[in-house]
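Protein chains in written order, with our numbering: chain A, 4 to 264; chain B, 943 to 1090.
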């Protein structure tokens, strides 16, 4: 018996699943066409202050005259809207929702805008098999937050990633081109080792590393992870953020980001 | 996913999709040569995987709504997450019967605006002046919204 293969069957198919996927991709690309650069804020390690740095950097860039958006891609632990003082409802317009404008004019969307207070992100579905499909739903949610939000004309869209590399992998897959990646670490060797893996992953996926920020710099933390990683990956150490940063720290950081970053 | 009628060596064509409401999905495909029909039945986990892709087997019947997957699938959404007052066609178009309004009011606030818009567009496209529960039932079947 000869059975033709999938690719040999080329008759028009009403489902058009590949076309539906392509349409989703075009929707993201179209929505982000007015965004000059997407910058993913990443760390391989949790608890290094990614969201805090993202929020403060976004505000500093906005104060410097840049048009800035901030997407909270930490779907399970969203904090960015609070850090940006961007509470409120998402206004639905034709074919899109509007981000909430927060401190210094930063346009923000976060799962915190969507979830009931104190409730986890939970999807409708069969009990017991969530490990099979939950990741796919989270990737789809990220796609919608990129493609269904009227981001408008932006100089920078900062994407605050959760710890690890999974969300960065999804982001790379969803965007028309890999994002720029800004890496956050704390000084310790443990952080260096975890963040190194994430940076290597980003490079392997074609993302451009724009620099390293060492957060919570100084005692009791011991180590030089920021400088080590910057040297290893031949990128600038953009800032060492002390435990109690003053506003000028963030303004200097915004200036340290090259215009192309 | 494609189906081949091996006997006729012809690709079978999508006929109909059904969502029985138990988390499963049924899709019928027909051979254009011999007319044989087969049904694809997916279990809840497989159905969920299809849903997670944001695609519709048999093709989309309505325009994709903003945050459609999130609004349709997240069960912990906030009642007042969305401000729908500026939505397209708000305050115009088909009217809602009292019974239809009551039924719509029972839809969770997180997804209500999207559901309302879908029914409005359905009625508008078909020249229906008043949305009643019967129209809503027909729309759910026509648009494959049984799971919504």
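Don't be surprised by glycine CBs; every beta carbon is placed ideally from N, CA and C.
Thinking residue i and residue j are a contact (beta carbons under 8 Å), I'd like their distance in whole angstroms, please.
| i | j | result |
| --- | --- | --- |
| residue 956 (chain B) | residue 18 (chain A) | 5 Å |
| residue 63 (chain A) | residue 253 (chain A) | 4 Å |
| residue 41 (chain A) | residue 256 (chain A) | That pair is no contact at about 18 Å. |
| residue 208 (chain A) | residue 181 (chain A) | 6 Å |
| residue 1046 (chain B) | residue 143 (chain A) | Residue 1046 (chain B) to residue 143 (chain A), Cβ: 26 Å. No contact. |
| residue 197 (chain A) | residue 48 (chain A) | 4 Å |
| residue 1015 (chain B) | residue 134 (chain A) | In fact, because the Cβ distance is near 16 Å, the residues do not count as touching under 8 Å. |
| residue 158 (chain A) | residue 39 (chain A) | 5 Å |
| residue 32 (chain A) | residue 163 (chain A) | Actually they do not touch by this definition, with Cβ atoms about 21 Å apart. |
| residue 161 (chain A) | residue 36 (chain A) | That pair is no contact at about 18 Å. |
| residue 57 (chain A) | residue 93 (chain A) | Between residue 93 (chain A) and residue 57 (chain A) the Cβ distance is about 19 Å, and since that is not below 8 Å, they are no contact. |
| residue 1066 (chain B) | residue 1036 (chain B) | 6 Å |
| residue 997 (chain B) | residue 20 (chain A) | 5 Å |
| residue 171 (chain A) | residue 205 (chain A) | 6 Å |
| residue 95 (chain A) | residue 1024 (chain B) | 5 Å |
Quickly, what does DSSP pair residue i with across the bridge? List them, please.
| i | result |
| --- | --- |
| residue 980 (chain B) | B:971 |
| residue 114 (chain A) | The partner list for residue 114 (chain A) (beta bridge, DSSP) is empty, contrary to what the question assumes. |
| residue 45 (chain A) | A:186 |
| residue 2 (chain A) | With chain A covering 4 to 264 only, the question about residue 2 (chain A) has no answer from this structure. |
| residue 60 (chain A) | DSSP, once it has assigned bridges, lists no residue as partnering residue 60 (chain A). |
| residue 959 (chain B) | B:969 |
| residue 211 (chain A) | A:183 |
| residue 71 (chain A) | A:159 |
| residue 1038 (chain B) | B:1073 |
| residue 220 (chain A) | A:245 |
| residue 990 (chain B) | Per DSSP, none; premise fails for residue 990 (chain B). |
| residue 38 (chain A) | A:157 |
| residue 1128 (chain B) | It is not possible to answer for residue 1128 (chain B), since the shown part of chain B is limited to 943 through 1090. |
| residue 340 (chain A) | In the structure displayed, chain A extends from 4 to 264; residue 340 (chain A) sits before or after that span and is not available. |
| residue 204 (chain A) | Answer by DSSP bridge pairing: none, since residue 204 (chain A) is not bridged. |
| residue 1019 (chain B) | A:118 |
Who are the near neighbours of residue i in its chain, counting only those whose CB is closer than 6 Å to its CB and skipping five residues on each side?
| i | result |
| --- | --- |
| residue 30 (chain A) | 150 |
| residue 982 (chain B) | 969 |
| residue 103 (chain A) | 89, 91, 111 |
| residue 1056 (chain B) | 1007, 1013 |
| residue 59 (chain A) | 253 |
| residue 65 (chain A) | 71, 107, 108, 109 |
| residue 1074 (chain B) | 1039, 1042 |
| residue 960 (chain B) | 968 |
| residue 1064 (chain B) | 1081 |
| residue 211 (chain A) | 183 |
| residue 999 (chain B) | 959, 969 |
| residue 979 (chain B) | 970, 972 |
| residue 1049 (chain B) | 1057 |
| residue 173 (chain A) | 142, 145 |
Can you list, in chain order, the residues of its chain whose CB lies under 7 Å from that of residue i, leaving out five sequence neighbours each side?
| i | result |
| --- | --- |
| residue 246 (chain A) | 219, 221 |
| residue 128 (chain A) | 136 |
| residue 124 (chain A) | 78, 79, 114, 118 |
| residue 106 (chain A) | 62, 87, 88 |
| residue 55 (chain A) | 86 |
| residue 1077 (chain B) | 1065, 1070 |
| residue 46 (chain A) | 53, 166, 186, 187, 188, 198, 201 |
| residue 5 (chain A) | none |
I'd like the list of long-range same chain contacts for residue i, defined as Cβ closer than 8 Å, with 5 residues on each side in sequence excluded.
| i | result |
| --- | --- |
| residue 242 (chain A) | 216, 217, 252, 255, 256, 259 |
| residue 169 (chain A) | 138 |
| residue 244 (chain A) | 52, 56, 216, 217, 218, 219, 220, 252, 256 |
Is the number of C-beta pairs between the region 227-239 of chain A and the region 178-192 of chain A that are closer than 8 Å three or more?
yes
When you compare the region 1016-1028 of chain B with the region 111-119 of chain A, are there three or more beta-carbon pairs, one atom per stretch, that lie closer than 8 Å?
yes
Does the count of Cβ pairs from the region 93-112 of chain A and the region 146-157 of chain A closer than 8 Å reach three?
yes
Residues in the region 70-87 of chain A with C-beta within 8 Å of chain B's C-beta atoms, listed in sequence order?
none
Short of 7 Å Cβ to Cβ, which residues in the region 17-44 of chain A face chain B?
17, 18, 19, 20, 23, 24, 27
Near-chain A residues of the region 1035-1055 of chain B (beta-carbon distance less than 7 Å), N- to C-terminal order:
1055
Looking at C-beta atoms only, is the number of pairs between the region 136-149 of chain A and the region 1002-1013 of chain B that lie closer than 8 Å three or more?
yes
Does the region 965-976 of chain B come into contact with the region 984-996 of chain B, if we say contact requires no fewer than three beta-carbon pairs (one atom in each stretch) closer than 8 Å?
yes
Under 8 Å (Cβ pairs) to chain B, residues found in the region 126-141 of chain A
126, 127, 128, 129, 132, 135, 136, 139, 140
Mind the definition here: the region 988-1004 of chain B touches the region 1034-1047 of chain B only if three or more C-beta pairs lie below 8 Å; say whether that holds.
no
Note down, in chain order, all residues in the region 968-982 of chain B with a beta-carbon under 9 Å from any beta-carbon belonging to chain A.
969, 974
What residues in the region 86-110 of chain A bring their beta carbon closer than 7 Å to a beta carbon of chain B?
92, 93, 94, 95, 96, 97, 98, 99, 100
Interfacial residues, the region 154-188 of chain A to chain B, with Cβ spacing under 9 Å
none
Proximal residues, the region 982-993 of chain B versus chain A, C-beta separation under 7 Å:
986, 987, 990, 991
According to a CB-to-CB cut-off of less than 7 Å, which residues of the region 1015-1030 of chain B neighbour chain A?
1015, 1016, 1017, 1018, 1019, 1020, 1022, 1023, 1024, 1025, 1026, 1028, 1029, 1030
Select from the region 210-233 of chain A all residues with a C-beta closer than 8 Å to any C-beta belonging to chain B, and list them in chain order.
none
Can you list, in chain order, the residues of the region 1062-1087 of chain B whose Cβ is nearer than 8 Å to any Cβ on chain A?
none
Taking a cut of 8 Å between CB atoms, which residues from the region 42-62 of chain A lie near chain B?
none
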